[in-house]
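For the sequence shown, counting from 1, position 181 maps to 180 in numbering that gives the first Met the number 0; every step adds exactly one.
Note that the Cβ used here is the ideal one computed from N, Cα and C, for glycine as well.
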Amino acid sequence: MKQDFPNLQNDAIIKAAKGEKVDRIPVWAMRQAGRYLPEFKEVRAKHDFFTVCRTPELACEVTLQPLKRFDLDAAIIFSDILVIPQALGMEVQMVPGKGPTFPEPLQTPKDISKLNHKPDVHKELGYVFDALTLTRKTLNGKVPLIGFSGAPWTLMAYMVEGGSSSTFSKPRSWLYKHSEESKELLNILTGTIIKYLVGQVVAGAQLLQLFESHAGVLNQEMFNKYSLPYLKRIVDEVKKNLIEADIEPVPMIVFAKDAYYAIEDLAQTKYDVIGLDWTVDPVQAREIAKKYGKSLQGNFDPANLYDTQENIEGAVKKMIDKFGTKSYIANLGHGMYPDMSPDHLKAFIDAVHNYPVGDT
Ligand code: 1CP
C-alpha cells in the first residue's frame, strides 16, 4: 500500500529509534500539548476535552501548538488513552479537578459481556485516524508524527476502578479473584489496540508509543502475567499486520512506568525503544539495552523543570552523560504537569540539542 505524504525533513527520532547515527539528539516531551500552555487552555475554554479529540481540526491545532513554540523533533497526536474504553461502549467523562471518570465502571466480571468485544475501529475511532492524516499533512514533513495507545493493563485499571487512583485496588483485586476473566478483558483490549495501531500507521503515524502508565502498581510476577504477554502480542501483531499489508513497520516505543524490574524482559521483545521513568538509572538501563540492540527514551525528572533554567541545563548534561548520545531519544520521565513553565521546557529542549554528539 502506498501512502502519499510530504517528505520527512527531520528524521532524527526515527534514526535514533533504529540505532542509526544522528547529528543532534532528538527530543520530545510526554504531554507536550496540554494545560501548561496558555494557548491550549484557550482552546479548552471553548471546547470540551473529548470534543477536541473528536474534531480533527482542533486535535491538529493543539498537536501543533508546542511545535510552534519549541524546536521539538516529534509531534504526538492529541488524543487520550481512554478513547479505547469509549470504543468498547463505556462512557468516560473528563471532570475538571478530578480527571477521567467512568459513571459506570466494570463492577463484576459479568459486566464484560456488556462491552462491544470487537468494535469496528474505523467506525468508532475513525476520528483519530482523520486527525492523524490531517496533522501529518499539515506538518508538511517538518518532524515525524507519533501515534499512541494505552496498554491493556492500564486501560483495564481505569475501566474497573472508574477513574484515577494511587492504588488501583479494584482492578488489582480482579487479578487475584478473577484471573481468567481479567485475561479475557485484557485479550479483548489487546485485539482492539492492535487494529487501532495498525489503523494509525495507515492514517499517517510514523512512530507508535504504548503507555503502560500503571505498571507500577504491579509486582514483577503480576507484570509478567498481566502486562508483558499483551505488550508482546501487540508489537508482534502490529508489525506482522503492517508487513502483510505491504506497509513498512514503524518504530515502536514501550513506556512501562515504574517497571524498573521489567527492562530486561521488555528489551527482549520487538519494541525498538524502551521508555524510562526518572527512577531508573540510565547507566544500568543502557547496559541492558546494548545487550539486546535497543534504544532508550527518557528520563528527566519532570519536577526538575521547576528548577532554574541554568540548573536545568546542568541536569540535562548530567543525564546525557549517563545515557550516551547513541540510540537515544531525550524525553521526560513522565508528562508535563499543568503548572509548569513553557520557558523551562524550552530550556530542557535547547540543552538536549546543545549537547555535542561527536562521531560515534
Ligand atoms: O482537561 C484537560 O485538558 C485534561 C488534561 C488531559 C490532556 C491534555 C488529559 C486528561 N489527557 C490529555 C491529553 C493526552 N493524554 C495526550 C496527548 C497530549 C500530549 O502528549 O501532548 C496523551 C499522550 C495522553 C495519554 C494519557 N491519558 C495517559 C498516558 C500518559 C501518562 O500520563 O501516563 C494517561 C494515563 C491518560 C489518562 C488521563 N487523561 C487525562 C488525565 C488527566 C489522565 C491521567 C489521569 C490519572 O492521573 O490517572
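- Of the residues assessed, G146 falls on the buried side of the cut-off, its CB having 16 or more other CB atoms within 10 angstroms.
- For T268, the secondary structure class from DSSP, reduced to helix, strand or coil, is coil.
- Contact between the region 260-271 and the region 27-37 is not established, with fewer than three Cβ pairs separated by less than 8 Å.
- In this structure, the ligand 1CP has a non-hydrogen atom nearer than 7 Å to the beta-carbon of H333.
- Q205 is the residue among Q205, K20, D276, G33 whose C-alpha sits nearest the C-alpha of F128.
- Secondary structure of F101 (DSSP, three-state): coil.
- I83 sits away from T166, with the two beta carbons spaced by 8 Å or more.
- Set against 7 Å, the gap from the CB of G146 to the closest heavy atom of the ligand 1CP is not smaller.
- E90 sits in coil when the DSSP states are folded into three classes, being neither helix nor strand.
- When the Cα atoms are used, H116 and H352 turn out to be separated by approximately 45 Å.
- Cβ contact annotation for L36 (same chain, cutoff 7 Å, sequence separation greater than five): Q64, P65, P341, in chain order.
- Spanning the alpha carbons of M251 and L295 requires a straight line of approximately 11 Å.
- Taking all protein chains in view, the Cβ of I242 is surrounded by fewer than 16 other Cβ atoms within 10 Å, so the residue is classified as exposed.
- Following the DSSP letters along the chain, one finds Q208 inside the beta strand (DSSP E) bounded by residues 206-211.
- The criterion of a C-beta distance shorter than 8 Å is not satisfied by D257 and D271.
- Just so you know, the alpha carbons of D79 and L185 end up roughly 19 Å apart.
- In the DSSP assignment, F299 is bridged to L331.
- Here the C-alpha atom of Y305 lies approximately 32 Å from the C-alpha atom of L131.
- Of the candidates S164, K67, L105, the residue whose Cα lies closest to the Cα of K97 is S164.
- For V197, the enclosing alpha helix (DSSP H) starts and ends at 178-202.
- In this chain, the beta strand (DSSP E) harbouring A255 covers 251-255.
- Taking 3 residues as the shortest admissible run, the region 104-161 contains the following complete beta strand (DSSP E) segments, listed from N- to C-terminal end: 144-149.
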